[in-house]
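See structure below.
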Amino acid sequence: MDCGFSWSGHPIGKYRGKRMRIDYFIVSEQLKDRIISCEMHGRGVELEGFYGSDHCPVSLELSKAAAKAEAPEPKPSSSSLTCVLLSEPVTHHGSCWGR
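full-length UniProt numbering puts the first residue of the sequence shown at 1, with every later residue one more than the last.
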């Protein structure tokens, strides 16, 4: 399994063994700097590590936020989000399909 792609699908389905991006974490620009790791845990058309789903499990580890006496961070707009797939942060501009 290449990083960032699902290879699973119905055993005789048209997507079996095809590369499909399906699982993401979306974080704000402020949160992006707290990313420690992001991992995909399943692989292969045999669904090794998929745990009963056609989606590949992913995990995101973040560092703790520093204590601030300031006002809370404003909610991000859609133009200030980052799409994270494995260890590759991608700035989001309306779609997460491209790099």
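Glycine is no exception: its CB is placed at the ideal position from the N, C-alpha and C atoms.
How is the beta strand (DSSP E) around S63 delimited, first residue to last? No beta strand (DSSP E) holds S63; DSSP gives it neither H nor E.
Can you grab the Cα-Cα spacing for the pair L60 / I35, in whole Å? 7 Å
Please classify E39 as buried or exposed, where buried requires at least 16 other C-beta atoms within 10 Å of its C-beta. exposed
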